[in-house]
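Read through the structure below, which is laid out as structure tokens, and then see the notes.
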Amino acid sequence: MNLPRRLLLGVLSLLAGPVAAQTFTIPPGAYRTGAAYHRKQPQPAGLDAFYPDKRGQLVVVVPRGTKTAKLRVAPDSVWGYVSEKGRTSRLFRNEEYRLEYADTLCVYSQNSTNVNGALGGTNGTGTRYFFSRGLTGLIFPLTPRYLREAYAASSPGFAAAVGQLRVDKSLVDFDRKTGLFRVTTLYREMAGK
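FYI, the numbering for the sequence shown is -21 to -1, 1 to 172, going by mature numbering (1 follows the signal peptide of the UniProt record, and there is no 0).
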């Protein structure tokens, strides 16, 4: 292949990366229900969304001709929101949880700050993980005990597998190849049986 053609292909491949990264799999905006999120139907739809503003409201940035406007939505009237970067957050009982994995077992994360060991650690920040059964279930800390209690009746194989997980294995170990956490991999394996 000649040099100009290689340069052209190289430039095109560099341009294709950012374009692909800017596509939204889930449109930004506020989602009234978990079902609306599943159907990818925000209300209101926008270019970006964030929470909280100085009034404690969810803000959706919407286009208005060549300009934008900020619509404020009461957080207790929505299931959650998606930001312009494609990050999904669920609002539950006045708390914000970032949705990491959505299925019949949903995994959430929440950054927390430890103040003088208040959360059992030293000063600094840490990530805590949570789960819910489906997009509308109650949110619980992601621990073997809570998982066993939540899934004992509906998925006894999964509950048993969680109970047999070695102490040195974390439920939130992330496998870059599959894009799944250990808990979601385990859940999928047990659901297939």
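Ideal Cβ placement from N, Cα and C applies to all residues, glycine included.
Quick check on residue i - is its C-beta less than 8 Å from some C-beta in chain C?
| i | result |
| --- | --- |
| Gln89 | No chain C appears in the structure shown, which is made up of a single protein chain. |
Given this structure, state the Cα-to-Cα distance separating residue i from residue j, to the nearest angstrom.
| i | j | result |
| --- | --- | --- |
| Ala129 | Gln89 | 20 Å |
| Ala131 | Ile5 | 32 Å |
| Leu70 | Phe29 | 11 Å |
| Arg77 | Phe109 | 9 Å |
| Ala81 | Asn73 | 20 Å |
| Val162 | Tyr16 | 23 Å |
| Arg18 | Val146 | 38 Å |
| Ala170 | Ser134 | 8 Å |
| Thr45 | Pro21 | 21 Å |
| Thr47 | Ser56 | 23 Å |
| Pro125 | Phe119 | Rather than Pro, the amino acid found at residue 125 in this sequence is Tyr. Spanning the two alpha carbons is a distance of roughly 7 Å. |
| Arg107 | Lys148 | 16 Å |
| Gly105 | Lys33 | 24 Å |
| Thr83 | Glu75 | 20 Å |
| Pro54 | Ser91 | 20 Å |
| Tyr166 | Gly136 | 9 Å |
Could you spell out where the alpha helix (DSSP H) holding residue i opens and where it closes?
| i | result |
| --- | --- |
| Glu168 | Arg161 to Ala170 |
| Tyr16 | Gly13 to Arg18 |
| Ala141 | First, the residue type needs correcting, since residue 141 is Val and not Ala in the sequence shown. Its alpha helix (DSSP H) spans residues Pro135 to Gly142. |
| Glu128 | Pro123 to Tyr130 |
Looking only at its chain, what residues have a beta carbon closer than 7 Å to the beta carbon of residue i, apart from the 5 residues adjacent to it on each side?
| i | result |
| --- | --- |
| Val52 | Ala9, Gln36, Leu37 and Val39 |
| Phe153 | Phe160 |
| Glu63 | Pro7, Leu26 and Asp27 |
| Leu117 | Ser111 |
| Glu168 | none |
| Val86 | Glu79, Tyr80, Tyr108, Phe110, Leu121, Phe160, Val162 and Thr163 |
Please return the same chain residues whose Cβ sits closer than 6 Å to the Cβ of residue i, not counting the five positions on each side in sequence.
| i | result |
| --- | --- |
| Gly13 | Trp58, Leu114 and Thr115 |
| Ala138 | Arg127, Tyr130 and Ala131 |
| Val61 | Ile5, Pro7 and Thr67 |
| Pro123 | Val141 |
| Val151 | Tyr108 and Phe160 |
| Pro31 | none |
Whose C-beta lies closer than 8 Å to the C-beta of residue i among residues of the same chain, with five residues either side of it excluded?
| i | result |
| --- | --- |
| Thr164 | Asp154 and Thr157 |
| Pro23 | Gly8, Ala9, Val39, Val41, Leu50 and Val52 |
| Arg11 | Gln22, Ser56, Val57 and Trp58 |
Based on the DSSP output, what are the partners of residue i in its beta bridges?
| i | result |
| --- | --- |
| Lys49 | Val40 |
| Gly59 | Tyr10 and Arg69 |
| Arg155 | Answer by DSSP bridge pairing: none, since Arg155 is not bridged. |
| Thr106 | Asn90 |
| Ser111 | Cys85 |
| Pro120 | Phe109 |
Looking at the unbroken beta strand (DSSP E) that takes in residue i, where does it start and where does it end?
| i | result |
| --- | --- |
| Gly65 | From DSSP, Gly65 is part of no beta strand (DSSP E); its letter is neither H nor E. |
| Arg77 | Glu74 to Tyr80 |
| Ala24 | Unbroken run through Ala24: none, as it is neither H nor E. |
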